[in-house]
Amino acid sequence: MTVDTERTITVTVNGVPREATVPVRRLLSDALRHDLGLTGTHVGCEHGVCGACTVLVDGDPVRSCLMLAVQVDGRAVTTVEGLAREDKRGGQVLHPVQEAFRECHALQCGFCTPGFLMTIAAGLDKRDPAAELTEEEVDDMVGGNLCRCTGYANIKKAVHHAAATMRDAQ
Amino acid sequence: MARLRRPCGGSRHGRCAAVTTKLFGEPVRRREDARLIVGKGRYLDDIGHTALAAAFVRSPHAHARIVDIDVEGALDVEGLVAIYTYEDLSGPMAEPLPVLIPHPQLTAPRTGYPLANGEVNHVGEPIVMVVATDRYVAEDAAERIAVTYEELPVVVGVDGAREAKHAVHEEIPDNVAARHHQETGDVEPALAAAPHTLSFTQYIERSACTPMEGKGVHAKWDADDASLRVYTSTQASTSVRAAIAAKLELSLDKVEVIAPDVGGGFGVKIVHPWPEELLVPLAAINLGREVKWTEDRREHFISSAHERQQRQEITVGFDDDGRITALDVHIWHDNGAYTPYGIIVPIVTATQLVGPYVIPVYRVIVESVFTNTVIVTPYRGAGRPQGCYAMERTMDRIADELGLDRALVRERNLITPDQFPYDHHLTFQDGRPVIYDSGDYPGLLDKLRALVGWSEADRLRADAEARGRLLGVGMAMYVEGTGPGPYEGGHVQVLGSGKVLVSTGLTSQGQGHETAFAQIVASELGVPIEDIEVTTGDTRRFGYAVGTFASRAAVMSGNAIALAARGVREKALRIAADVLEAAPEDLEIDAGLIQVKGVPGTSIPLRTVAVLSNPLRYAFDEAAKQATQFATHDDTKPPVAEGDAPGLEHRDYYSPIRSTFASGAHAAIVEIDPATWEIDVVKYAVVHDCGNVVNPMIVEGQVHGGVAQGVGGALYERMAYDADGQLQNASFMDFLMPYASEVPDVDIDHQQTPSPLNPLGIKGAGEAGVIPGTAAIASAIEDAVGRRITSMPISPTELYDLVRNPDSEMTATAARRAGTGAIS
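As given, the protein sequences belong to chains A and B, one line each in that order.
Those letters in the first sequence? Residues 1447 to 1616, per my numbering, in order.
Those letters in the second sequence? Residues 3 to 826, per my numbering, in order.
Here it is, written out as C-alpha cells:
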C-alpha cells in the first residue's frame, strides 16, 4: 500500500475556489499562510490554546493549527481577509466587528485580532441581531482567545458595539 | 492640592511653546488599525515567502557538556540545505554574545555563544542551526541530529543558587554574578534606634512576557551590493544593526535592520542580539539565499527570557504612627544562566522600591545569582513589580503590627507635593539620580480610596460573610521612573505632495505610535492627521536611536518629534513670510494652509512651501513648475542661504537630564470561596498619573493590558522548573496566561502632574498597569483570610494549604477581628 505524502486539495477560501498541492502533514494554518498567501491568520501557539489561528470552516470557528490542510478539501473556509464584503463599486465594507474593534480600541499589536474577529463575527452572525446581547454571550464569544495587550476590556466593548450596530441596521 | 506649575527647564532648547490642543490629548482612533483589522499587518513570518527556513537543535538538558554532535542522520533529509554548529563560527561570531549593559558591580558577567561552545547552561540553549526548504523539513533534519551529552549538576531557583551546592559556571562557585548595593545612610544604628522593627522574608515567582507573537528573523543578502537587510521582531532595531555589523564584520552602512509589525514585546524583544539574529543573517550571506526563522511557542518558553523571581528579606524600623525611620532590604535575584542585560532589573527593583515614600535611611543589596534556567531580562515593569511588592507588603505589615488602617500608614509616609523635586539619593538604571520631578501622591491615595470604596471594607466583608464568602480589600502604590535617555530623535519632512513623513528610530509593538506621534505633528504643524505617515524602527529612515523600553517612547520620541515638527514649522513660516510679504509671527498654519492671521485670502499651502524650499533648476512636474515661478529672484543672495538646507524637513533630538517619574495606586477586592479556595477579583481600581497625555484612549488601553498581566502574575502565571531544570509548563496549556474570564473589570481614575523635564510635559505609561498588581492582590487575599501571604503568585491549592497549615502565621488584624468578634 502506498501512502500519499502530498495531496491536491480544492477548497473555497473567502468565496473563491482555490487549489493547492500540500504535504498531507501540512497544518491548515500553514497552508493558508504560505501555500495560499493569506497571512492574516496568525500562529500563536500551535497547540490550540491561544486562538490566534481561528478561521471559519463551513461557518464554524476552528483552530486552524489543530487541523490538517487536507481536512478542508471540498469545504469552505473564511479567513479575516474575507470578513469584509465588497460593495457594488469594488470597495470594501467592513464587518461590524471590524469597525467596532477600531472604534473601541480593541486591538493594540493586532496579532491576536484576526482570531478574535473570526470568532466574534461567527457568533454575531449566528444570533438574532434584534435580541438583547447578554454578558454570557459576550463571554462566550471572547472567552476562548488569548490577548496579551488589551486586557480584554475593550474587546468586550467592541462586541457590544458591533451587536448594537447590527441591531440598528435591521 | 496645588498643581505643580514649572517652567520647562532641562530641555535642550529651553523652549516650552504651548502645544495646540487640536489633537494632542484627544482619543484619536488609531491609524494602524486599518491594516490590522483586515489581516494586512506585516509581521515577521508574513515576510519572505521564498526564504529558506531555519530550525534549531536545542539543549534538552539544563546543564551539560556537549560530547559529540553527529549530523549524519540528517544528511539524507530531502530539502536540507545546511547545518551549522559552533565549529562553523569564526571571528567575532565565535566569541560570547555581548554584555549589553556593563556595570562595575556586575563582577562576574557571563553570556552564551550564538551556538553552544561545548557546554549548555539551560534547557533550550541553541546548539545546531539547520537550514532547509521549509520549517517542517528543517525540523525533520534537526530531529535526526544526535547530540551526546555529559550531564552536569543542575542549579534551580534562587535558593538553590544561594545554597551553591553546585555552580552554574564552574569558575563562579557562589553563583553570584553581581552584588548591587546602594545606601543613603547608616541603616544599622537607625534600625537599632527605631521604636519598632519588623523583619520578614517573601518570594515572588518567575513569569514572562509571552507576547502572542514570538521572535523571528528574516535576512536577505544582496550580493551585487554587498549589503544585508534584516527584518527582526525587535524592540531595538538600531542596536541590532550595530550588533550584526560588529559580529559579521560588515560596515554599518551595509546593514539595514527593520522592525516590521510586531505582535507584542513587553520587554522580551529588547534583548539583542539573540543568537538567531546573528545566525540567520550569517546563513543568508553564506548561502546567498533569503533565510527566515520564526520561533514556535515552545522555543519562546525555553529560549527567550523570563523575569520576576526574587527572594526578599526586609527589615523595617518605624515609629508609633507607622512612619518609617529605616529600611534594610536584601534581595536575591534569579538571573538565569547568563547576564546579557547586566543588572538592570536588580537596579530597577532596588531604586524603585522606595516608591512614593519618604525613607530616611535606606540600604538595599541585590545579589544577582545564576541558575540553570532561561535568562532573565526585563518584563513589563522590569523589576518595579518586585520592588513595589517589597515596599507595599512592608506597609501592610506595619499597619498590621500597629493596628492602623493600611491606607493611613501609607499616607503618613508619602512624599508631599511641596517636596518636589524629591531626591532619594539613589542612582537609577540610567546612571542618573533618582530625583522625582513632580507628582501628587496624597491625591492618588484620596482618589483611590474613593474609587474602590476603601471605607466600605468592613461592610463589604460582612456582606460577603453572610453569603458564605471571604472578602478582602488590598492596595498598593508605586512610582515609576520613565523615559530614561540617552536620547531619541525625530525627523519630520513635508513633501511637495503635501504628505508629511515622520520617523523615529525606536520601535512599536502595539502602543499606537503611528497615531500618537501623528497627533503630535498634526498639533505642532497644523496639518490634517490623514496627511501624516509615521515610520518607526527602520534604520533606513532613522539611524540614531536607543529602543522601546522603560515606558520611554512617548516621552523620548514624542518630544523629539515635537521638536522636529517645530523646526519644520519655523522654516515653513520663514519661507511663507517671504512669499506672502508678512512677518512670521503674523502667520498661522491650519489644515495644511499657511495664512496671515485674520486675512483668509492671503495664504499659501504648506505643500507649496515644501516645493519652494528646494530651489530647482528642473521643473519635473506641475508643482515644481509653479515653484520655479513663485521663487523670488534675488541675485544678491545664494538660492540656499548659508546655514540653511534645501527641503522642508527637520531632524531633532530629545535627551533628558534624567528620567521623569509617573505614579499610581491600585486597589483590589477579592472574594474567596472557602470550599474551593478559588480567588475571584471582584473589583479592581486604578488611579493613574502619567503627566500630560497624548491619546487617553491609548493610555487607558495600556493600563488595561498591564492590569491583566498584574492579575496573571498574582494568581496564575509561574514558570515551573523542576529540580532537573526542566520547564514543566512550557506551553499555554500549563502556563496559565489569563483569558478574559480571569481579568476583572477595571475602574480607572486619572490625575495629571505634568513633567517639568520635557517640552510636552509627558511621562511614560507603558508599564504602569502591571507594577502594583501582585502587591495589591496579596494585600487583599491576606485581608480576606487573615493569614500571612509570603509568596506570590498563589493558587487556590496553595491558599488552601496555607490556611490549613497550623504553622502559618495569622495576621494581627485577623486576631484582633476574631478577638472582638468582628468579621475575619
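Glycine included, C-beta positions come from ideal geometry on N, C-alpha and C.
A quick note: this is a predicted structure, and the numbers were derived from the prediction, not measured.
Could you check where the alpha helix (DSSP H) with residue i kicks off and where it finishes?
i                       : result
residue 165 of chain B  : 159-165
residue 148 of chain B  : Taken as a continuous stretch (DSSP letters only), residue 148 of chain B belongs to no alpha helix (DSSP H), being part of the beta strand (DSSP E) at 148-153.
residue 1470 of chain A : No alpha helix (DSSP H) holds residue 1470 of chain A; DSSP gives it neither H nor E.
residue 821 of chain B  : 814-822
residue 517 of chain B  : 515-527
residue 1606 of chain A : 1599-1614
residue 1623 of chain A : Look at the range of chain A in this structure, 1447 to 1616, and you will see that residue 1623 of chain A is not part of it.
residue 571 of chain B  : 561-582
residue 449 of chain B  : 443-454
What does DSSP give as the partner residue(s) for residue i in the beta ladder?
i                       : result
residue 178 of chain B  : B/371
residue 202 of chain B  : B/316
residue 653 of chain B  : B/493
residue 435 of chain B  : B/429
residue 694 of chain B  : B/764
residue 45 of chain B   : B/263
residue 827 of chain B  : Since the first and last residues shown for chain B are 3 and 826, residue 827 of chain B lies out of range.
residue 605 of chain B  : B/597
residue 246 of chain B  : The partner list for residue 246 of chain B (beta bridge, DSSP) is empty, contrary to what the question assumes.
residue 309 of chain B  : B/209
residue 1487 of chain A : Partner(s): none; residue 1487 of chain A has no beta bridge.
In the DSSP assignment, find the beta strand (DSSP E) that holds residue i and state where it starts and stops.
i                      : result
residue 590 of chain B : 589-592
residue 475 of chain B : 472-484
residue 258 of chain B : 257-260
residue 131 of chain B : 128-134
residue 328 of chain B : 326-338
residue 662 of chain B : 662-674
residue 296 of chain B : 293-296
residue 71 of chain B  : 66-72
residue 86 of chain B  : 82-86
Does residue i get closer than 7 Å to chain A when you measure Cβ to Cβ?
i                      : result
residue 733 of chain B : yes
residue 56 of chain B  : no
residue 728 of chain B : no
residue 407 of chain B : no
residue 512 of chain B : yes
residue 720 of chain B : no
residue 742 of chain B : yes
residue 48 of chain B  : yes
Quick one: is residue i near chain B, going by C-beta distance under 7 Å?
i                       : result
residue 1498 of chain A : yes
residue 1562 of chain A : no
residue 1616 of chain A : no
Given residue i, which residues of its chain have a CB within under 7 Å of its CB, disregarding the five upstream and five downstream residues?
i                      : result
residue 293 of chain B : 53, 54, 56, 133, 221, 282, 285 and 286
residue 256 of chain B : 228, 229 and 230
residue 148 of chain B : 72 and 75
residue 598 of chain B : 582, 584, 588, 589 and 604
residue 49 of chain B  : 220, 233 and 262
Note down, in chain order, each residue of its chain lying with its Cβ closer than 8 Å to the Cβ of residue i, except the 5 sequence neighbours on either side.
i                       : result
residue 814 of chain B  : 402, 403 and 405
residue 1565 of chain A : 1497, 1500, 1507, 1587, 1588, 1590 and 1591
Counting only the same chain and skipping the five closest in sequence on each side, list residues whose C-beta sits under 6 Å from that of residue i.
i                      : result
residue 201 of chain B : 317
residue 23 of chain B  : Because the pLDDT of residue 23 of chain B is 44, which lies under 50, any placement of that residue in the model is unreliable, and the number read from its coordinates should be weighed accordingly. If we look at residue 23 of chain B and ignore the five residues flanking it on each side, it has no Cβ neighbours.
residue 811 of chain B : 790
Along the segment 277-309 of chain B, what residues have a CB closer than 7 Å to any CB found in chain A?
298 and 299
Given a limit of 9 Å on CB to CB distance, which residues of the segment 192-217 of chain B reach chain A?
211, 212, 213, 214, 215 and 216
Please name the residues in the segment 1499-1528 of chain A whose beta-carbon is closer than 8 Å to at least one beta-carbon of chain B, in chain order.
1525, 1526 and 1527
Any residues in the segment 1547-1560 of chain A with a beta carbon nearer than 7 Å to a beta carbon of chain B? Which ones, in chain order?
1547, 1548, 1549, 1551, 1553, 1554, 1555, 1556, 1557, 1558, 1559 and 1560
Interfacial residues, the segment 1578-1607 of chain A to chain B, with Cβ spacing under 9 Å
1584, 1585, 1588, 1589, 1590, 1591, 1592, 1593, 1594, 1595, 1596, 1597, 1598, 1599, 1600, 1601 and 1602
By the 9 Å beta-carbon criterion, what residues does the segment 1485-1496 of chain A contribute toward chain B?
1485, 1486, 1487, 1488, 1489, 1490, 1491, 1492, 1493, 1494, 1495 and 1496
Chain B contacts from the segment 1452-1475 of chain A (Cβ-Cβ distance under 8 Å):
1469, 1471 and 1472
When Cβ atoms are compared, which residues of the segment 256-276 of chain B fall closer than 9 Å to chain A?
263, 264, 265, 266, 267 and 268
Name, going along the chain, the residues of the segment 22-44 of chain B whose beta-carbon falls closer than 9 Å to a beta-carbon of chain A.
29, 31, 32, 34, 35, 36, 37, 38, 39, 40, 41, 42, 43 and 44
Please identify, using Cβ separations under 9 Å, the residues of the segment 698-712 of chain B that lie next to chain A, in order along the chain.
699, 700, 702, 703, 704, 705, 706, 707, 708, 709, 710 and 711
Name, going along the chain, the residues of the segment 137-158 of chain B whose beta-carbon falls closer than 9 Å to a beta-carbon of chain A.
137 and 138
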